[in-house]
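**Q**
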Amino acid sequence: MKYIKYEVHENTSVRQFLKAKNFSKRSIEDILKTGYILNGKKQRKSLNLKKSDELKIIIEDERVDYEPIKGDINIVYEDDNSLVISKEANITVNSKNQISLSNYIANYFIDSGQESKIRLVNRLDMDTSGLMLIAKNKYSHAYYQKQLEENTMKKKYLAVVEGMLDIDSLYENKFSYNEKKKNYEPSDRGKISRTYFKSTRINCDFSIIECEILTGRTHQIRASLTELGHPIWGDKLYGSDENLDRFLLHSYRLEFTSFYNEENIKLKNYPKFVGFL
Numbered sequence: 012m013k014y015i016k017y018e019v020h021e022n023t024s025v026r027q028f029l030k031a032k033n034f035s036k037r038s039i040e041d042i043l044k045t046g047y048i049l050n051g052k053k054q055r056k057s058l059n060l061k062k063s064d065e066l067k068i069i070i071e072d073e074r075v076d077y078e079p080i081k082g083d084i085n086i087v088y089e090d091d092n093s094l095v096i097s098k099e100a101n102i103t104v105n106s107k108n109q110i111s112l113s114n115y116i117a118n119y120f121i122d123s124g125q126e127s128k129i130r131l132v133n134r135l136d137m138d139t140s141g142l143m144l145i146a147k148n149k150y151s152h153a154y155y156q157k158q159l160e161e162n163t164m165k166k167k168y169l170a171v172v173e174g175m176l177d178i179d180s181l182y183e184n185k186f187s188y189n190e191k192k193k194n195y196e197p198s199d200r201g202k203i204s205r206t207y208f209k210s211t212r213i214n215c216d217f218s219i220i221e222c223e224i225l226t227g228r229t230h231q232i233r234a235s236l237t238e239l240g241h242p243i244w245g246d247k248l249y250g251s252d253e254n255l256d257r258f259l260l261h262s263y264r265l266e267f268t269s270f271y272n273e274e275n276i277k278l279k280n281y282p283k284f285v286g287f288l
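One rule links them: number in the working numbering = place in the sequence shown (from 1) + 11.
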């Protein structure tokens with residue numbers, strides 16, 4: 012069993028203290044129901060706090076929920092509550108029917124003595140590489156999910172697209188899933204998708220585009236660039252003619268406020284394919 016320990020600096024209540032620390036409403040209710048430690052004693056309701064009180068949030072040990080399989084993971088950042096890795100292409104993040112990144116993470120947790128489930132905060136397609144955030148407990152997971160929902164977590168990608176695309180603007184469209192084609196297409200019935208695209212390099216045959224997603228829609232970068240007439244290199248599902256073993260999309264920037272320490276974390280991880288273009 013582990014604890015998240017806080018020292019109280021002003022008079023308040025447990026509920027208001029946790030709210031000020033950006034715990035989700037559901038997390039706060041869970042803590043008040045299951046109990047917390049105040050000055051060495053377990054409590055189960057929102058008591059008043061005073062300056063210099065010690066508040067501990069209980070983090071129960073968990074068993075990993077994926078089969079541990081040894082594999083390489085590239086760790087970019089880690090603290091007691093969070094893990095950021097750079098995912099390689101050609102591997103799924105959590106498929107139950109084949110070896111996935113979650114199997115490798117489970118093995119890493121066991122080898123490093125961390126008793127935690129695998130909680131993916133953001134997900135990447137099998138052929139997309141780059142930065143992924145994993146939460147190590149249910150409270151940090153809810154904390155990061157809140158940042159995603161409120162769009163305070165910044166995620167930027169680099170995409171290599173076909174042809175000359177000179178763009179520096181917000182692109183909005185509605186997409187819905189086409190069951191027959193297994194992709195997303197423009198549709199008035201779909202959910203709005205917002206992505207800011209900015210060209211960083213333009214050649215006759217290809218362009219490199221920075222993509223900042225402002226909504227969390229499945230395939231929104233891939234579908235949007237195809238609608239703009241410039242599919243991602245190697246993305247055959249969305250119309251690319253390039254014969255590659257992956258499509259060239261990489262999550263290269265990730266910015267978030269860390270759980271507990273509340274530090275502004277800014278990470279960059281450039282894709283291997285940029286150096287070959």
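Glycine included, each C-beta is placed from N, C-alpha and C at the ideal position.
Is it buried or exposed for Ser63, if we count other Cβ within 10 angstroms and need 16 for buried?
**A** Under this definition Ser63 is an exposed residue.
**Q** Find out if the Cβ-Cβ distance for the pair Ile102, Asn85 is shorter than 8 Å.
**A** Cβ atoms of Ile102 and Asn85: not closer than 8 Å.
**Q** Should Arg264 be counted as a contact of the ligand SAM given a C-beta to heavy atom distance under 7 Å?
**A** Ligands displayed in this structure: none; no statement on the ligand SAM is therefore possible.
**Q** Rounded to whole angstroms, how far is the Cβ of Asn105 from the Cβ of Pro79, which I believe are closer than 8 Å?
**A** 14 Å between Cβ atoms; not a contact.
**Q** Just checking my contact of Tyr281 with Tyr263 at CB under 8 Å: how many whole Å lie between their CB atoms?
**A** Indeed, because the Cβ distance is near 6 Å, the residues count as touching under 8 Å.
**Q** On a CA-only basis, which of Asp177, Asn33 and Glu18 is nearest Leu236? Give me that one, please.
**A** Here the closest residue by C-alpha is Asp177.
**Q** Shortest alpha-carbon distance to Glu173 belongs to which of Asp179, Asp122, Ser210 and Asp41?
**A** For the residues Asp179, Asp122, Ser210 and Asp41, the minimum Cα distance to Glu173 belongs to Ser210.
**Q** Going along the chain, which unbroken runs of the beta strand (DSSP E) with 3 or more residues stay wholly within the segment 108-180?
**A** Whole beta strand (DSSP E) segments, 3+ residues: 140-146 and 165-173.
**Q** What separation, rounded to the nearest whole angstrom, lies between the Cα atoms of Glu196 and Tyr182?
**A** The alpha-carbon atoms of Glu196 and Tyr182 are separated by roughly 15 Å.
**Q** Excluding sequence positions up to five away, which residues of its chain have a Cβ less than 8 Å from the Cβ of Lys61?
**A** Same-chain partners within the cutoff: Val19 and Asn22.
**Q** Considering just the uninterrupted stretch of the alpha helix (DSSP H) at Phe28, what are its terminal residues?
**A** Val25 to Ala31 is the span of the alpha helix (DSSP H), which, as asked, contains Phe28.
**Q** Considering just the uninterrupted stretch of the alpha helix (DSSP H) at Leu236, what are its terminal residues?
**A** Segment Gln231 to Glu238, the alpha helix (DSSP H) holding Leu236.
**Q** Sorted by chain position, which residues of the same chain lie with C-beta nearer than 6 Å to Lys128's C-beta, five sequence neighbours on each side aside?
**A** Counting only Cβ-Cβ distances below 6 Å, and skipping sequence neighbours, we find Glu73 and Asp76.
**Q** Among the candidates Leu259, Gln231 and Arg233, whose CA atom is the shortest distance from the CA of Trp244?
**A** It is Leu259.
**Q** Please confirm whether Ser57 and Arg26 have their CB atoms less than 8 Å apart.
**A** In this structure, Arg26 lies closer than 8 Å to Ser57 by Cβ.
**Q** Quick one: residues in its chain with C-beta nearer than 8 Å to the C-beta of Lys165, no 5 flanking neighbours on either side, listed in chain order?
**A** The residues are Glu223, Arg264, Leu265, Glu266 and Phe267.
**Q** Among the candidates Asn184, Tyr271, Ile213 and Gly124, whose CA atom is the shortest distance from the CA of Gly201?
**A** The option with the nearest alpha carbon to Gly201 is Asn184.
**Q** Under 8 Å by Cβ, that's how I've got Glu71 and Met12 pegged, so tell me the actual separation to the nearest angstrom.
**A** That belief holds up - the Cβ atoms of Glu71 and Met12 are roughly 6 Å apart, short of 8 Å.
**Q** So Val92 and Ser151 are in contact, right, with Cβ under 8 Å, and what is the actual spacing, rounded?
**A** First, the amino acid is wrong: residue 92 is Asn here, not Val. That pair is a contact at about 4 Å.
**Q** With which residues is Lys279 paired in a DSSP beta bridge?
**A** Lys279 is bridged to Arg264.
**Q** Check this for me: beta carbons of Ile203 and Tyr88, under 8 Å apart or not?
**A** No, Cβ-Cβ distance for Ile203 and Tyr88 is not below 8 Å.
**Q** Pick helix, strand or coil for Val285, following the three-state DSSP scheme.
**A** Correct three-state label for Val285: helix.
**Q** When we look at the beta-carbon of Gly240 and count the other beta-carbons within 10 Å, is it buried (16 or more) or exposed?
**A** So Gly240 ends up on the exposed side.
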